[in-house]
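>
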Amino acid sequence: MLDREGFRPNVGIILLNAQNEVWWGKRVREHSWQFPQGGIKYGETPEQAMYRELEEEIGLRQEHVKIVGRTRDWLRYEVPDHFIKREIRGHYRGQKQIWFLLRMVARDNEVNLRLTDHPEFDAWRWHDYWVPLDVVIEFKRDVYQRALQELSRFLSWPAHAGQERRHTPRYLRQPHPQRGQQATAQTVPAEPQRAAEQQMVLVPGKR
């Protein structure tokens, strides 16, 4: 289902824990990370599609989360031609997304990445809200930045966090001294990347 401009209606999900960390999933057999997302089927509202995708991709149901906020309007990204099937080139341009910010009210062990026969992710972890965008496929990065920035207004930050840390993405600010020297999103060397992957929750039987 495409609109007149060639964009497919879609939802994106930013899932928070109690510490305002976000759920960060590693795509199956890839070294890229992303938030859950998926298309809106004919007759579905964005909210209905969001709950369906939430269950299909990470195994959580409506009772496991609370809606904190959503983007005011569609956020669009175009997909490069070499990622588009030949038969729909010239018709399909990309995705237009409504993004939802959710609070998880269930335990971590409720997450199930293998609920369907075609899982999207093979590992996951909690990450600071301002995720490093260099591990996101390039054509989605601008939408991720805009979604995170817009939805950050719904969050409450600890008083000691400081004004600069509450509203400035990690990839645009200096590392916090308590967390040590970490790379910015533009340059993530191998060691921090391996350290991050050591903390993630792996799915048995997946690489």
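Counting in the UniProt record's numbering, the sequence shown runs from 1 upward without gaps. Don't be surprised by glycine CBs; every beta carbon is placed ideally from N, CA and C.
1. Would you call Gln178 buried or exposed, if buried means 16 or more other Cβ atoms sit within 10 Å of its Cβ?
2. The beta strand (DSSP E) with Arg4 in it runs from where to where?
3. Are the segment 78-90 and the segment 25-33 touching by the rule of at least three beta carbon pairs closer than 8 Å?
4. How would you call Val11, buried or exposed, if buried means at least 16 neighbouring beta carbons within 10 angstroms?
5. Classify Asn10 as helix, strand or coil using the three-state DSSP reduction.
6. Among Gln95, Asn20, Leu75, Leu101, which residue has its Cα nearest to the Cα of Lys66?
7. Alpha carbon to alpha carbon, how far is Ser156 from Asp128? Give it in angstroms, no decimals.
8. By a C-beta neighbour count over all protein chains shown, 10 Å radius and 16 as the cutoff for buried, is Leu115 buried or exposed?
9. Leaving out the 5 sequence neighbours to the left and right, which residues in its chain are closer than 8 Å to Arg76 when beta-carbon positions are compared?
10. Residue range of the alpha helix (DSSP H) that Ala49 falls in?
11. Quick check on Thr71: buried or exposed, where buried means 16 or more other Cβ atoms within 10 Å of its Cβ?
12. Between Trp99 and Leu151, which are expected to be in contact by the criterion C-beta below 8 Å, what is the C-beta distance as a whole number of angstroms?
13. Can the beta-carbon of Arg103 be found less than 7 Å from the beta-carbon of Val131?
14. Residues in its own chain within less than 6 Å of Gln62 by CB, not counting five upstream and five downstream?
15. Would you tell me roughly how many angstroms separate the C-alpha atoms of Thr45 and Val136, rounded to the nearest one?
16. Whose C-beta lies closer than 8 Å to the C-beta of Glu78 among residues of the same chain, with five residues either side of it excluded?
17. Tell me, please, which residues DSSP counts as bridged to residue 209.
18. Which residue comes first and which comes last in the beta strand (DSSP E) that contains Tyr77?
19. Below 7 Å between beta carbons: does that hold for Asn17 and Gly59?
20. What are the partner residues of Gln95, as DSSP defines its beta bridges?
21. With distances taken Cα to Cα, identify the nearest neighbour of Asp3 among Val22, Ile40, Trp126.
Working from what's here:
1. With a pLDDT of only 37 at Gln178, under the threshold of 50, the placement of this residue in the model should not be trusted, and no figure is reported.
2. Arg4 -> no beta strand (DSSP E), and no H or E assigned at all.
3. no
4. buried
5. strand
6. Leu101
7. 14 Å
8. exposed
9. Phe7, Gly94, Gln95, Lys96, Gln97, Val143
10. 46-58
11. buried
12. 6 Å
13. no
14. Tyr51
15. 27 Å
16. Arg93, Gly94, Phe139
17. The chain is shown only over 1 to 207; residue 209 falls outside these bounds and no answer can be derived.
18. 75-78
19. no
20. Arg8, Tyr77
21. Ile40
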